[in-house]
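The next block holds one structure in the form of structure tokens; read it before the comments.
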Amino acid sequence: MFKDLDPILHSQLRLAVMSLLISVKEAEFTFIREKTNSTAGNLSVQIQKLKDAGYIDVTKQFKDNYPLTVCKITKQGIKSFEVYVGNLQSYLGKV
Amino acid sequence: MTQPEKQLTEKESLDLIAKMINKAKDACHDTGISAMMWGSLIAICALVRLSELQFDYRLPFDIYLLTFVAVIPQIYFSIKAKKKRKVKTYDDAFMDSLWMGFGITIFLMIFITNALFNAMEGYKDPAGHTAVITMYEFISPLFLLLYGMPTFVTGVSMKFKPMIFGGILCWVCCLIAIYTPVKVDLLLTAFSAVFAWLIPGIIMEKDYRNAKLELAVANV
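Structure (structure tokens):
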């Protein structure tokens with residue numbers, strides 16, 4: 012049924028992260044954690060999977076001497092997200 | 046530590062996407078501090094210049110120099126906002142470039158008009174007025190023209206009606222100021238600054254504080 016849907020995106024937390032990042036230029040890890048109501052550990056793992064797939068860029072910086080992780084969607088991520096949404100819509104007969 | 050992944054249906058996936066996009070939108074509220082500061086400053090400068098002309102006195106310094114001094118608190122507000130910001134939207138990036146471009150344009154405009162005043166020193170128009178005074182009549186419309194552009198674009202981009210009306214008001218006042226004497230031009234400038242920046246800034250600040258309060262209540 013879901014054979015055409017991207018398995019990287021077809022997961023609740025990863026899809027939530029991608030949906031947030033598609034709407035903004037970049038977001039801090041804490042912002043994503045707040046908005047997705049996820050735990051830091053689980054979110055880190057899912058972000059790493061998205062990064063490994065080339066869907067997001069993750070940069071680590073320092074802000075006021077505290078580590079800061081900033082995530083940004085890549086061009087490949089945008090393209091995959093659009094294909095995923097297109098497939099979902101076709102399943103639902105909206106296209 | 047990972048939690049077991051929930052299998053989503055097509056409908057759930059689309060609902061989740063819509064929900065997260067809305068959450069991202071709700072996270073973006075601008076403070077109105079900069080708009081309030083620039084609105085009140087430009088209004089004060091125009092009104093002080095008007096009083097100088099009306100009551101025939103001169104301050105020991107050009108009141109418009111305050112606009113250069115105000116760049117310092119503006120930089121402070123910008124750095125503070127940037128530090129607080131956990132997310133940067135495309136609108137934020139666009140707005141930053143728009144207002145920076147506006148600042149550079151205004152600076153160049155001041156430089157050009159000053160150069161023009163110096164070049165026209167001593168010339169007289171056919172009516173016998175010195176060219177500098179004649180040119181002075183058209184300075185306010187030029188600046189009002191510029192004030193309108195970023196204000197209108199910001200209003201449209203943020204879907205914020207007070208700034209859309211403020212931008213249009215600047216252009217209307219620009220047209221009127223072409224045909225009115227300098228004193229009226231200065232009144233129109235103060236009026237435009239209040240309605241294009243100060244009042245929208247107060248509304249934005251109020252919305253920002255309400256949103257912050259709602260977020261604090263939601264997190265309790």
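Protein chains in written order, with our numbering: chain A, 12 to 106; chain B, 46 to 265. Backbone N, C-alpha and C define an ideal beta-carbon position, used for all residues, glycine too.
Under the three-state reduction of DSSP output, A:A64 falls in the coil class, being neither helix nor strand. When secondary structure is reduced to three states using DSSP, A:T47 falls in the helix class. Within 8 Å of the CB of A:T41, the CB atoms of chain B belong to K131, in sequence order along the chain. Straight-line spacing of the CA atoms in B:G200 and B:A172 works out to 42 Å. Residue-level contact by beta carbon fails for B:T196 and chain A, as no gap is shorter than 8 Å. The beta carbon of B:Y168 sits no closer than 8 Å to any beta carbon of chain A. Annotation: B:L190 to A:M29 spans about 41 Å, alpha carbon to alpha carbon. What B:K56 touches in chain A, judged by beta-carbon distance under 8 Å, is L103, going in chain order.
Taking the CA atoms as reference points, A:F92 sits about 22 Å from A:E45.
Remark: C-beta atoms of B:L95 and B:L231 approach each other more closely than 8 Å. Taking 8 Å as the CB threshold, A:L61 stays off the interface with chain B. The closest CA to that of B:P226, considering only B:Y181, B:V239, B:P105, B:F240, is found on B:Y181. Assigned with DSSP and collapsed to three states, A:A38 falls in strand. Ranked by Cα distance from B:A164, the first of B:I155, B:A176, B:D170, B:L153 is B:A176.
Per DSSP, reduced to three states, the secondary structure at B:K251 is helical.
Straight across, the Cα-Cα distance linking B:I66 with B:S58 is about 12 Å.
According to the DSSP assignment, B:T225 belongs to no alpha helix (DSSP H), since it is labelled neither H nor E. Secondary structure note for B:I87: its alpha helix (DSSP H) is the uninterrupted segment 78-100. For B:T179, there is no enclosing beta strand (DSSP E); the enclosing alpha helix (DSSP H) covers residues 176-181.
Taken through DSSP and simplified to helix, strand or coil, B:K125 comes out as helix.
When rounded, the separation of the alpha-carbon atoms in B:D141 and B:K125 is 14 Å. Chain A places a beta carbon closer than 8 Å to that of B:A138, counting this residue as a contact.
Straight-line measurement puts the Cα of B:F162 at about 23 Å from the Cα of B:A88. Within the DSSP bridge table, the entry for A:Y77 names A:K74 as partners. In the three-state reduction of the DSSP assignment, A:I33 falls in the helix class. For chain A, the residues of the segment 104-128 of chain B that bring a beta carbon within less than 8 Å of one of its beta carbons are K128, in chain order. With fewer than three CB-CB distances shorter than 8 Å, the segment 21-36 of chain A does not count as touching the segment 68-80 of chain A. Its chain contains C215, S237, A241 as the residues whose beta carbon lies nearer than 7 Å to that of B:Y192, once the 5 sequence neighbours on both sides are disregarded; these appear in chain order. Each residue's CA atom was taken as its position, placing B:G211 and A:T47 some 37 Å apart. A distance below 8 Å between beta-carbons, with the five flanking residues on each side excluded, links A:L99 to the following residues of its chain, in chain order: L16. When DSSP states are grouped into helix, strand and coil, B:K204 belongs to the coil group. Residue-level contact by beta carbon holds for B:M65 and chain A, with a gap shorter than 8 Å. In the three-state reduction of the DSSP assignment, B:K131 falls in the coil class. Closest by C-alpha distance to B:F205, out of B:Q99, B:I221, B:D252, B:F100, is B:D252.
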